[in-house]
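If you count by the UniProt record's numbering, then the sequence shown holds residues 1 to 453, one letter each, in order. A virtual CB, placed ideally from N, CA and C, is assigned to each residue, including glycine. Only one structure is covered here, and it is reproduced in the block below.
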Amino acid sequence: MPANEENEHSAARVRTGLVAVGVLLTVAIITLYLQRYGLSTLAVEHEAIRGWLAGDGLYAYRSPDNEAGAALPPALALMLAPLTLLPLRAAGWLLALAGLTALVLTIRIVTGPVARRYGRRHSPFVVTATALALMAEPVRAAIGFGRPELLIFALLAADLVALRRTSRTRHRSLAAVLGSGRSGARRVPGQSRSEVDPTAPGSLRRAWYAGTWAGVGTGLATALSPAAILFIVHLFITRQRRVAVTALATATVVTLTALLLAPAETLAWYGTTMWELDRPAPVSDHDNQSLAGVMARLYGFPAPPVLVWLSFGVLLVAVGLIRARSAHADGDEVAAFTLIGLTTAVAGPVTTAAESLWLLPAVLILADTGVRSRSSVRLPRSARFTGTGYLAAAVAGYLVLISTPVWSLRWNVPAFALIVLVNALPWRHGTPTLPTRRPTTTRRAAIPLPRGG
Numbered sequence: 001m002p003a004n005e006e007n008e009h010s011a012a013r014v015r016t017g018l019v020a021v022g023v024l025l026t027v028a029i030i031t032l033y034l035q036r037y038g039l040s041t042l043a044v045e046h047e048a049i050r051g052w053l054a055g056d057g058l059y060a061y062r063s064p065d066n067e068a069g070a071a072l073p074p075a076l077a078l079m080l081a082p083l084t085l086l087p088l089r090a091a092g093w094l095l096a097l098a099g100l101t102a103l104v105l106t107i108r109i110v111t112g113p114v115a116r117r118y119g120r121r122h123s124p125f126v127v128t129a130t131a132l133a134l135m136a137e138p139v140r141a142a143i144g145f146g147r148p149e150l151l152i153f154a155l156l157a158a159d160l161v162a163l164r165r166t167s168r169t170r171h172r173s174l175a176a177v178l179g180s181g182r183s184g185a186r187r188v189p190g191q192s193r194s195e196v197d198p199t200a201p202g203s204l205r206r207a208w209y210a211g212t213w214a215g216v217g218t219g220l221a222t223a224l225s226p227a228a229i230l231f232i233v234h235l236f237i238t239r240q241r242r243v244a245v246t247a248l249a250t251a252t253v254v255t256l257t258a259l260l261l262a263p264a265e266t267l268a269w270y271g272t273t274m275w276e277l278d279r280p281a282p283v284s285d286h287d288n289q290s291l292a293g294v295m296a297r298l299y300g301f302p303a304p305p306v307l308v309w310l311s312f313g314v315l316l317v318a319v320g321l322i323r324a325r326s327a328h329a330d331g332d333e334v335a336a337f338t339l340i341g342l343t344t345a346v347a348g349p350v351t352t353a354a355e356s357l358w359l360l361p362a363v364l365i366l367a368d369t370g371v372r373s374r375s376s377v378r379l380p381r382s383a384r385f386t387g388t389g390y391l392a393a394a395v396a397g398y399l400v401l402i403s404t405p406v407w408s409l410r411w412n413v414p415a416f417a418l419i420v421l422v423n424a425l426p427w428r429h430g431t432p433t434l435p436t437r438r439p440t441t442t443r444r445a446a447i448p449l450p451r452g453g
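Laid out in structure tokens, this is it:
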């Protein structure tokens, strides 16, 4: 056997062994999380949906252990309904595998530009980031409690792909208008030819590569989790009106479909159940790391003072929307979406560990900004020191994410991290968004005669 073929076979065996070890470790980690957290959230929703299908109301079930009730929209209940055909443990495993797949796809979307910028392959970047993310408390809680937040997280991240392709198409069109279509259609490393020139036959393929489906993921996420409506507000504020209308239409269609299939539950959800903030747990519970939970614990009340909470909450929402708009204008759509996700988490009435997933891309942004500042020779020394601060913040943030949540929840560490990041998360300067081109009009002189004659 030639030496080259022997080396190839040896490398293939090593890769196969690494994949097998990775699969075994992943199975062990998921098993550990399911045993540690006990699928408590999925157990309540499992029994509530079963009772609903048997003729009871979706929101009539209460857990005999802690009187917790199901707090999920009818659209999400319809999506989870097939899981009731399986035992709770099997349903938890299926949801965990789906969440893990969604996490891998989301990490590939978020880390793709970073890997290309440093000239690295995507696969090692994604594997490393996934391994680090699996150790974080938001991912542990989402898998262990049996929550669908990882799927909603992936739906929102999917729109980042569509927005990138839409922006690429606009830049290519502008380059063609300016007469430089050849340079505008140049491929970047790691980009397929069909992404640059989506002229292949088939309208669906052209629409896919052109990103015309942007907004569908956000609309689905909003129908499954009403808090995601802030992403639609962000799209309107940044004048991405077509994407915002698509998201709003998608959310409306899904909600109306749920209304047709489950009219009583849909009316009950939007009429009363959605406003029962203490339905899954008291607002003052330590697991609630939103601004409302922190203020309720500080005041010693079951719920925060409404006017004080609304005042600070509106201020945080305004800051988050303004900073997300600036990040979008500078071409960093990942940071813009991350800021909106952080704002949603901190300003919402109830935010558990599983709903703090946007802390993960925030840590990545801090690390990437720090490395870029440290490695740039054009920046002054003060900017390099700032990069060191960003790297230290990324390390500290990740340590908070993987720490045992008992002490961090007692001291409201995740809540304060959310507030600080909404106000101080940096963004990377990339390709700025294109302004809306207005048709030029030919001006005519008021007096169509030669002047001076």
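By the beta-carbon neighbour count (other beta carbons within 10 angstroms, threshold 16), Asn423 is exposed.
Between the alpha carbons of Phe125 and Phe153 lies a gap of roughly 19 Å.
In this structure, Asp159 sits away from Ala77, with a CB-CB distance that is not shorter than 8 Å. When the five nearest sequence neighbours on each side are left out, the beta carbons in the same chain lying within less than 8 Å of the beta carbon of Ala264 are those of Gly57, in order along the chain. Per the DSSP secondary-structure output, Arg62 pairs in a beta bridge with Gly69.
The DSSP-derived three-state label of Val283 is coil. Positions of the alpha helix (DSSP H) runs, each at least 4 residues long and wholly inside the stretch 210-257, are given as 216-224, 229-237 in order along the chain. Around the beta carbon of Phe385, fewer than 16 other beta carbons lie within 10 angstroms, which makes this residue exposed. Scanning the stretch 305-361 from its first residue to its last, the whole alpha helix (DSSP H) runs of 4-plus residues come out as 306-329, 333-347. Leu277 carries a coil assignment under DSSP once its states are collapsed to helix, strand and coil.
Taken atom to atom, the span from the alpha-carbon of Asn288 to that of Arg15 is near 42 Å. Here Ala347 is actually not in contact with Ser356; their C-beta atoms are around 13 Å apart, not less than 8 Å.
In this structure, Leu224 is the residue among His328, Leu224, Thr130, Gly219 with its C-alpha nearest to the C-alpha of Glu149.
Under the 8 Å Cβ criterion, the stretch 110-123 counts as touching the stretch 357-376, having at least three qualifying pairs.
Between the beta-carbon of Leu72 and that of Glu45 there is about 6 Å, and that keeps the pair under the 8 Å contact cut.
Judged by DSSP in its simplified three-state form, Asn412 adopts coil rather than helix or strand. In the structure shown, the three-state DSSP call for Met295 is helix.
Under the three-state reduction of DSSP, Trp427 is assigned to coil, being neither helix nor strand. The three-state reading of DSSP puts Asp56 in coil, since its state is none of H, G, I, E or B. In chain order, Ser284 place their CB closer than 7 Å to the CB of Arg297, counting only its own chain and leaving out the 5 sequence neighbours on each side.
The count of Cβ pairs closer than 8 Å, one atom from the stretch 272-283 and one from the stretch 119-135, stays below three, leaving the stretches out of contact. For Ile402, the closest of Leu83, Pro426, Ala136 by C-alpha to C-alpha distance is Ala136. Following the DSSP letters along the chain, one finds Ala262 in no alpha helix (DSSP H), marked with neither H nor E. Judged by DSSP in its simplified three-state form, Met79 adopts helix.
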